[in-house]
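Heads up: the sequence lines are chains A and B, in that order. If you're matching positions, the first sequence starts at 1 in this note's numbering and goes up one per residue. If you're matching positions, the second sequence starts at 1001 in this note's numbering and goes up one per residue. From the three backbone atoms N, C-alpha and C, an ideal C-beta is built for every residue, glycine too. Bear in mind that the values here come from a model prediction, so they are computed numbers and not experimental data.
2 protein chains.
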Amino acid sequence: MTTMKNESGSRAEKIKAVLLLSGGLDSTTLCALASSQGREIHALSFDYHQRHRCELDAARRAAARWKAAEHIVLSLDLSLFGGSSLTDASIPVDHETPLERIGEKIPTSYVPARNTVFLSLALAYAETRGASELWIGVNQVDYSGYPDCRAEFIETFEKLANLATRAGVEDAKSGRRAFRVVAPLSKMSKAEIVALGTRLGVDYAETVTCYSPDGDGRACGECEACRLRRAGFEAAGLPDPTRYVGKIS
Amino acid sequence: MTTMKNESGSRAEKIKAVLLLSGGLDSTTLCALASSQGREIHALSFDYHQRHRCELDAARRAAARWKAAEHIVLSLDLSLFGGSSLTDASIPVDHETPLERIGEKIPTSYVPARNTVFLSLALAYAETRGASELWIGVNQVDYSGYPDCRAEFIETFEKLANLATRAGVEDAKSGRRAFRVVAPLSKMSKAEIVALGTRLGVDYAETVTCYSPDGDGRACGECEACRLRRAGFEAAGLPDPTRYVGKIS
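Right under this line is the structure:
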């Protein structure tokens, strides 16, 4: 995992980055940050039969807004496996756990091995495009309940990426690492992420975070993702522009 | 990576294994071996828009023959990324490299990050089924040109699997590893694999190895995969039952 230095985008050849873009608050902020650091963005989204597929429209808006060089939406039917409230209609979305207790246990919204799967496909994409960076919006602070958001996981994936690939093998001969996993939001609070994105010009009304939005993409205001997001705006002292289904007190 | 001990299948509860099944010679032998060791097999194949899609029919036959508890064929359009002669029609299949030089360089049939992607999805599947083993038919001897067939890659993936998952995190508390990557063919020659499968009752006429078979699933006899396979039968002193397009001298 690498914390990004503030680099100018003026170099002759841009650094190519594959960026995992869900269309939610974190990954849209990530996209704005990569753009501000002059990366040539190859955005990758997944249609994995998630309940909240309107987030794919949000991903397309973010890729356009932040001038991604390319945006691939890959179809991947993880609902064949089941095991998560996000892909298996028989497992309810958690609306009950109090905000301060989210992170104590692995939530029902955990999709088995999701970040391993997504980073693997980002790696395949990166290798074919000559991209050296894999950007991912994982966050240890708010989502400590997800095992595949931890720094140790990210570091081990970076090691794997450099063992697994033609580019990794060839660069290892000259002592370089072909691939870096870039996770700049990893140690930020939701409030810090919201403040960063606001500074960069992200319009959060255009992002979808909710795990069970209505057909129009409006947020339920009640699932764990909604509540963490809302608390982030409050802590940052910023107005919450999210479009909710009902009035939120 | 774990070398399998010869365990009896008579225990009260079978060990559950997700097994990557392409329908080729190696993975079909792997499936026969897992069956002989009493595993409850959850076979996983990919329709990744490969040229040689008739191998999926071979995978279905192998899953039925070796009594897999379940067989999932997951659609995954890796041709969106390109970069391999197996998925990108603009890159020719290699018919030229002499047999003794295959392995010196990474072949054009290398699919970027393929084993990382396939193992990641096997891991997701395993976690939802409570399976503790991921079986993969990688082979270091004949395919040393593929970086993601090496022991170091397999070991690092096993480490990642145990960091990446709910089951991995929970088992780590009791000092156990939730997942093992099982690659019993890793150090075997093609001749040893053919001899093992023949002993176990594999009908190799039913398997598809060729990278550019005809519409009827008959092998070209000329690509690197065909030539390695044919040499394996010769070295094992066994008749080659492969159905070829033309007569092979």
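Would you kindly work out how many angstroms separate the C-alpha atoms of B:Ile1102 and B:Asp1148, rounded to a whole number? Model confidence at B:Ile1102 stands at a pLDDT of 49, short of 50, so the residue's coordinates are unreliable; what they give is reported in the following sentence. Between B:Ile1102 and B:Asp1148, the C-alpha separation is close to 16 Å.
Quick one: is the Cβ of B:Val1208 within less than 8 Å of any heavy atom of the ligand SAH? Inclusion of the ligand SAH in the displayed structure is not the case, the ligand content being empty and no account of it being possible.
Give, in chain order, every residue of the region 145-163 of chain A whose Cβ lies closer than 8 Å to some Cβ of chain B. Per Cβ criterion, the list reads Pro147, Asp148, Arg150, Glu152, Phe153, Thr156, Phe157, Lys159, Leu160, Ala161 and Leu163.
Three-state secondary structure (DSSP) at B:Asp1026? Helix, per DSSP.
Along the region 124-140 of chain A, where does the CB come closer than 9 Å to a CB of chain B? Name the residues. For the region 124-140 of chain A, which is checked against every Cβ of chain B, the residues closer than 9 Å are Ala124, Tyr125, Ala126, Glu127, Thr128 and Arg129.
Under 7 Å from the C-beta of B:Thr1165: neighbouring residues of chain A: Per Cβ cutoff of 7 Å: Pro112, Ala113 and Pro147.
Reference B:Leu1185; option with closest CA among B:Asn1139, B:Lys1159, B:Glu1152 and B:Arg1229: Ranked by Cα distance from B:Leu1185, the options B:Asn1139, B:Lys1159, B:Glu1152 and B:Arg1229 are led by B:Asn1139.
So, B:Ala1225 versus B:Tyr1211, is the Cβ gap smaller than 9 Å? Yes, these two residues count as a Cβ contact at 9 Å.
Limits of the unbroken alpha helix (DSSP H) element including A:Ile154: For A:Ile154, the enclosing alpha helix (DSSP H) begins and ends at Ala151 to Ala164.
Please check if any C-beta of chain A sits within less than 9 Å of the C-beta of B:Val1169. It does: the Cβ of B:Val1169 has a partner Cβ on chain A nearer than 9 Å.
Residues near B:Arg1061 by beta carbon distance below 8 Å, same chain, minus five either side: Only Gly1023 and Glu1206 meet the Cβ criterion.
With C-beta atoms as the reference, is B:Ala1017 less than 9 Å away from B:Leu1134? Against a cut-off of 9 Å, the Cβ pair of B:Leu1134 and B:Ala1017 comes out as a contact.
Can you list, in chain order, the residues of its chain whose CB lies under 6 Å from that of B:Ala1034, leaving out five sequence neighbours each side? Closer than 6 Å at the Cβ level, and outside the excluded window around B:Ala1034, lie Ala1017, Leu1019, Ile1041 and Trp1135.
To test your reading of the DSSP string, which unbroken alpha helix (DSSP H) runs of 4 or more residues are found completely within the region 1214-1243 of chain B? Here the runs fully enclosed are 1224-1236.
Let me know the secondary structure DSSP gives B:Val1073 once reduced to three states. The DSSP-derived three-state label of B:Val1073 is strand.
Any beta carbon of chain B sitting closer than 9 Å to that of A:Asp240? At a cut-off of 9 Å between beta-carbon atoms, A:Asp240 makes no contact with chain B.
So, are the CB atoms of A:Asn162 and A:Arg150 less than 9 Å apart? Taking 9 Å as the cut-off, the beta carbon of A:Asn162 is found no closer than this to the beta carbon of A:Arg150.
May I ask you to verify whether the region 163-176 of chain A touches the region 213-221 of chain A, counting CB pairs closer than 8 Å and requiring at least 3? Using a Cβ-Cβ distance cut-off of 8 Å, the region 163-176 of chain A and the region 213-221 of chain A are not in contact, since fewer than three pairs of beta carbons, one from each stretch, lie closer than that value.
Residues bridged to B:Phe1046 (per DSSP): The partner list for B:Phe1046 (beta bridge, DSSP) reads B:Leu1074.
Indicate the three-state DSSP secondary structure (helix, strand or coil) for A:Ile193 in the structure shown. For A:Ile193, the secondary structure class from DSSP, reduced to helix, strand or coil, is helix.
Where B:Glu1013 falls, given that 16 or more other Cβ within 10 Å makes a residue buried: Around the C-beta of B:Glu1013, fewer than 16 other C-beta atoms lie within 10 Å, and the residue is accordingly described as exposed.
Distance CB(B:Arg1243)-CB(B:Ala1219) smaller than 9 Å: Contact flag set, yes.
Run through DSSP, which three-state label would A:Leu185 get? It is coil, neither helix nor strand.
Per the contact definition of three or more C-beta pairs closer than 8 Å, is the region 42-49 of chain A in contact with the region 111-125 of chain A? The region 111-125 of chain A, when compared against the region 42-49 of chain A, does touch it at the 8 Å Cβ threshold.
Status (buried if at least 16 other CB within 10 Å, exposed otherwise) for A:Ala124: If you draw a 10 Å sphere on the C-beta of A:Ala124, you find 16 or more other C-beta atoms in it, and that means buried.
Which two residues bound the contiguous alpha helix (DSSP H) that contains B:Glu1127? DSSP places B:Glu1127 in the uninterrupted alpha helix (DSSP H) bounded by Arg1114 to Arg1129.
Identity of the residues DSSP links to B:Gly1016 by a beta bridge: Residue identity check: residue 1016 of chain B is Lys in the sequence provided, not Gly. As computed with DSSP, B:Lys1016 is found in a beta bridge with B:Glu1040.
Can you find a CB in chain A that lies within less than 9 Å of the CB of B:Asp1057? Not one chain A Cβ lies under 9 Å of B:Asp1057.
Out of B:Leu1021, B:Ser1189, B:Val1245 and B:Arg1199, point me to the one whose CA is closest to B:Gly984's CA. Summary: the structure shown does not reach residue 984 of chain B, with chain B confined to residues 1001 through 1249, and so no result is reported for it.
Counting C-beta neighbours from all protein chains within 10 Å, is the total for B:Ala985 16 or more, i.e. buried, or is it exposed? Residue 985 of chain B lies beyond the range of chain B shown here (1001 to 1249); nothing can be said about it.
May I have the straight-line CA-CA distance separating B:Glu1152 from B:Leu1119, to the nearest angstrom? Separation of B:Glu1152 and B:Leu1119 (C-alpha to C-alpha, rounded to the nearest whole angstrom) is 14 Å.
Neighbourhood of A:His71 by C-beta distance below 6 Å, restricted to the same chain and skipping five residues each side: Taken in chain order, the residues that qualify are Ala43 and Ala63.
Based on Cα-Cα distance, which residue from B:Arg1227, B:Lys1067 and B:Thr1209 lies nearest to B:Cys1054? Checked all of B:Arg1227, B:Lys1067 and B:Thr1209; the closest Cα to B:Cys1054 is B:Thr1209.
Which same chain residues end up closer than 8 Å to B:Arg1230 when comparing Cβ atoms and leaving out the 5 residues on each side of it in sequence? In its chain, beyond the 5 residues on either side, Gly1221, Asp1240, Thr1242 and Ile1248 have a beta carbon closer than 8 Å to the beta carbon of B:Arg1230.
Delimiting residues of the alpha helix (DSSP H) encompassing A:Leu56: Per DSSP, A:Leu56 belongs to the alpha helix (DSSP H) from Glu55 to Arg65.
Taking B:Val1117 as the query, report the chain A residues whose CB atoms sit under 9 Å from its CB, ordered along the chain. Per Cβ cutoff of 9 Å: Val117, Ser120, Leu121, Leu123 and Ala124.
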